[in-house]
Amino acid sequence: MNEALIKSVINKAMKVVVGLFIILTLVSLSFLVDATEQKKQSSNTEIAEYSKAGADTCLRCHDQESTFPVLAIFNSAHGNKNAKHGPFSSSGLQCESCHGAAGKHTVKRLRKGRVRAAMISFTDQDTISNDEKNQLCLSCHQASTTRHWLGSTHQSSDLACTDCHQIHVRNDPILNSAQQLEQCGQCHTKEKIASHSAFSHPLTSGQMGCTDCHAAHDANNEQLLASDSVNETCYQCHAEKRGPFLWEHEPVSDSCLNCHRPHGSNQAGLLTQRAPYLCQNCHSSDGHPSFSSGSDYLQGQQASAFLLGRSCANCHAKVHGSNHPSGNKLLR
Ligand code: HEC
Ligand code: HEC
Ligand code: HEC
Ligand code: HEC
Ligand code: HEC
Ligand code: HEC
Ligand code: HEC
Ligand code: HEC
Ligand code: HEC
Ligand code: HEC
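If you count by this note's numbering, then the sequence shown holds residues 1 to 332, one letter each, in order.
Put into structure tokens, the structure is as follows:
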């Protein structure tokens with residue numbers, strides 16, 4: 001073996017060793033950096049403290065001119081200083097009762113390359129789960145209206161309270177029945193569209209809201225209805241349909257929905273179908289006194305009461321039940 005060859009082998013070996021050394025230091029350095037970063041982060045959450053000056057601290061940076069204007073909360077129910085246990089009551093944690101302890105979020109100047117420690121956000125889907133958001137609200141609202149929230153369709157569909165409720169507004173629109181068609185309609189387009197049908201409850205005019213028939217957080221009743229059953233819900237306003245009747249019409253006491261669509265319909269009277277078809281779902285013409293249905297009978301002298309206008313109801317006017325001694329055929 002000559003010297004030159006040995007030298008070049010040693011040279012190569014040295015290079016490999018140096019290379020390895022550099023790689024190893026880099027790797028361990030990066031671990032070190034990671035560790036300090038982690039330490040910083042965890043210490044950040046560990047020592048996250050509530051701001052001593054409460055909202056005043058926040059208002060240094062967050063006001064009505066911010067990307068997200070915050071001040072309207074002071075005109076809302078939550079802003080009320082006298083509300084017992086409210087966020088801004090004397091013992092309240094103010095902004096941080098919902099957004100969590102601020103800790104280092106409030107530092108004035110950030111060091112170069114550092115990001116501001118995050119607060120709990122209700123609009124950013126990624127920071128915390130809906131369940132965790134709801135726990136924050138429920139920490140104050142467990143006992144009151146929300147006692148039936150758990151198990152309700154909205155809860156089990158993983159909705160956040162804040163999918164419906166807005167906090168930084170003077171008046172929360174979802175609590176205003178005139179705005180519910182829009183608010184609830186964001187998710188329930190089918191019902192929203194139905195309410196624009198030719199016939200519907202006065203929802204579009206704002207005279208009625210969804211909550212006249214529904215309880216948005218109540219697991220007690222099917223379909224989140226405001227009362228025990230469909231009929232009880234309707235009787236709240238259409239009490240005369242409750243009876244008791246001497247002559248009941250069975251489908252009526254069973255469910256109004258046998259014949260009506262609550263959210264709207266293109267048939268007069270919110271009917272599911274027009275008579276006679278509606279009635280003929282259940283009644284055959286066999287044995288009925290005189291029954292004519294040809295198109296000739298739609299007009300003129302021979303116009304048939306079976307087909308025109310109120311059709312069957314021309315004679316059977318008491319579709320919902322009768323109290324007349326001889327009203328057994330719902331004729332009077
Ligand atoms: C020194 C200025 C400053 C102070 C004080 C401050 N914030 Fe912020 N806050 C910001 C900035 C800037 C952002 C936007 C963060 C971003 O874009 O990275 C922000 C974002 C937020 C967010 C959105 C979520 C997030 O972390 O991005 C919330 C909620 C929030 N702040 C609440 C508060 C509350 C509550 C207080 C008082 C305890 C407070 N802030 C105090 C500057 C501040
Ligand atoms: C009762 C709970 C509650 C209190 C108290 C509260 N907030 Fe909020 N905050 C929310 C909710 C919920 C949202 C989401 C938007 C909404 O519902 O209006 C929000 C949104 C925000 C946002 C926009 C970023 C985001 O998505 O979270 C900022 C910034 C903010 N609040 C700052 C503040 C400040 C500053 C205060 C105190 C003056 C405060 N909040 C008090 C519940 C609260
Ligand atoms: C620190 C306690 C506290 C927290 C946290 C809290 N609230 Fe409240 N909330 C109150 C108080 C107190 C009232 C006022 C009750 C009253 O005036 O009768 C209120 C009122 C309300 C109202 C009725 C508003 C109105 O205009 O009548 C709604 C809706 C509401 N809160 C929803 C929420 C939601 C959603 C959250 C979570 C983002 C939340 N609250 C978090 C204490 C709290
Ligand atoms: C699907 C929409 C929706 C969701 C989700 C929702 N709410 Fe409500 N909430 C409403 C409506 C609508 C009302 C008004 C009820 C009424 O007028 O009968 C209301 C009323 C309230 C009230 C005021 C009660 C009163 O009588 O003044 C509070 C407090 C409240 N909700 C808290 C919550 C909390 C806390 C959560 C989450 C656990 C929540 N809500 C989830 C729609 C919702
Ligand atoms: C006049 C009373 C009434 C009003 C007003 C009303 N609903 Fe309903 N809603 C009902 C009844 C009754 C049912 C049960 C229907 C059934 O069992 O098929 C129902 C069912 C529903 C369902 C479940 C539908 C399904 O297919 O399972 C949704 C969603 C709904 N309503 C949303 C709304 C919304 C949103 C509004 C406001 C725009 C509203 N409702 C207004 C009476 C009403
Ligand atoms: C953020 C979306 C969202 C909003 C806003 C919302 N809902 Fe719902 N709602 C849902 C989901 C998801 C379901 C589960 C069934 C489904 O997929 O339709 C549901 C189900 C329902 C049901 C049927 C309940 C059952 O047992 O089948 C009714 C009734 C209802 N919502 C009424 C309302 C009313 C009234 C409002 C306004 C106060 C409202 N919702 C606002 C998402 C929403
Ligand atoms: C909060 C009160 C309220 C509740 C609850 C209610 N309604 Fe109504 N209903 C009204 C009002 C108001 C009208 C419109 C009356 C008018 O236009 O003269 C109406 C109209 C109707 C009409 C049409 C009347 C016509 O002449 O075209 C039918 C049918 C009807 N409701 C059925 C129902 C059914 C079925 C339910 C239960 C699912 C129900 N309503 C629940 C208030 C209510
Ligand atoms: C068997 C079918 C049927 C059932 C079930 C039914 N209705 Fe009707 N309803 C009708 C028909 C048909 C009309 C139209 C009558 C007319 O043209 O005179 C009507 C009209 C109405 C009207 C408007 C006219 C009036 O009489 O006030 C209301 C309100 C009403 N129904 C409420 C209800 C309620 C509430 C229930 C449940 C308790 C119910 N209906 C169940 C068939 C039915
Ligand atoms: C969902 C099914 C259903 C619909 C729709 C329906 N009915 Fe009925 N109807 C019944 C039942 C069930 C009875 C009780 C039958 C019995 O006692 O033999 C009844 C009884 C009657 C009676 C009394 C019959 C008797 O022998 O005492 C008359 C009249 C009547 N219905 C007319 C109508 C008219 C008019 C309509 C349309 C507006 C209508 N029905 C829609 C199911 C229905
Ligand atoms: C011209 C008036 C008139 C019209 C229109 C009419 N009916 Fe009748 N209906 C009667 C009379 C009268 C009786 C009672 C016959 C009796 O007492 O024997 C009756 C009886 C009935 C009965 C009880 C049958 C029985 O065997 O006792 C039913 C069910 C009925 N009608 C359903 C309907 C339906 C459904 C329509 C629409 C397709 C309709 N009627 C249209 C006058 C009418």
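From the three backbone atoms N, C-alpha and C, an ideal C-beta is built for every residue, glycine too. In this text the structure is predicted, and so the values were computed from the model without any measurement.
Measuring alpha carbon to alpha carbon, tell me which residue in the options is nearest residue i.
i	options	result
C351	Q223, A102, S97, C184	An answer regarding residue 351 cannot be provided, because it is not within the stretch 1 to 332 covered by the chain.
H217	L159, H316, H201, D254	L159
N328	D254, C259, F245	F245
H165	L175, N323, I120	L175
E182	C210, A198, S51	C210
F199	K112, S326, Q273	Q273
P251	C282, G79, A239	C282
K108	R242, D131, C58	C58
Q155	D131, Q142, P325	D131
D372	A48, H78, Q135, T106	Since the first and last residues shown for the chain are 1 and 332, residue 372 lies out of range.
A219	Q186, H188, T153	T153
D124	D172, F68, K81	F68
H99	A72, N80, Q135	Q135
D172	K190, Q280, F74	F74
Can you name, in chain order, every residue of its own chain whose Cβ lies under 6 Å from the Cβ of residue i, other than the five neighbours on each side?
i	result
G54	Q94
S76	R170
M208	H201, P202
C184	C210
H148	D218, A219, N220
So, at 7 Å on beta carbons, what are the nonlocal neighbours of residue i in its own chain, with the 5 sequence-adjacent residues on each side left out?
i	result
F122	K133, T162
L271	C259, H260, S265, L278
H214	L224, L225, A226
A268	F199
R242	Y235
L110	R116
Using 10 angstroms around the beta-carbon of residue i, count the other beta-carbons present and answer buried if the total reaches 16, otherwise exposed.
i	result
P276	buried
H196	exposed
C256	buried
P87	buried
C237	exposed
A239	exposed
Q64	exposed
V319	buried
A194	buried
P262	buried
K192	buried
S284	exposed
G113	exposed
S326	exposed
S157	exposed
T233	buried
S129	exposed
Q180	buried
Between residue i and residue j, which are expected to be in contact by the criterion C-beta below 8 Å, what is the C-beta distance as a whole number of angstroms?
i	j	result
G151	A178	So it is not a contact: roughly 29 Å between Cβ atoms.
D228	N221	6 Å
F137	H85	Before going further, note that residue 137 is Cys rather than Phe in the sequence given. About 13 Å; that fails the 8 Å criterion.
V70	H168	6 Å
E83	S89	At residue 83 the sequence reads Ala, which differs from the Glu that was named. Their Cβ separation, rounded to whole angstroms, is 6 Å, which keeps A83 and S89 in contact under 8 Å.
Looking only at its chain, what residues have a beta carbon closer than 8 Å to the beta carbon of residue i, apart from the 5 residues adjacent to it on each side?
i	result
T127	A118, I120, S121
E248	G321
Y50	L93, E96, A101, A102
A313	A275, V319
S66	none
H78	G86, P87, F88, I167
Next on the checklist: Beta-carbon distances below 6 Å to any heavy atom of ligand 9 define the shell here; list its residues in chain order, please.
Outcome noted: H249, E250, P251, N258, C259, A275, L278, C279, N281, C282, H283, C312, A313, H316, V319, N328, K329, L330
Checklist entry - Going along the chain, which residues put their C-beta within less than 7 Å of some heavy atom in ligand 7? => result F199, H201, P202, Q207, M208, D212, C213, V230, T233, C234, Q236, C237, H238, C256, L257, H260, P262, A268, G269, L270
Item to check | Around ligand 6, Cβ to any heavy atom closer than 7 Å, ordered along the chain | outcome: T153, H154, S157, L159, D163, C164, I174, Q180, Q183, C184, Q186, C187, H188, C210, T211, H214, A216, E222, Q223, L224
Item to check | Any heavy atom of ligand 2 nearer than 5 Å to the CB - residues listed | outcome: A55, C58, H62, F68, V70, H78, P87, C95, C98, S121, F122, T123, T162, Q166, I167, H168
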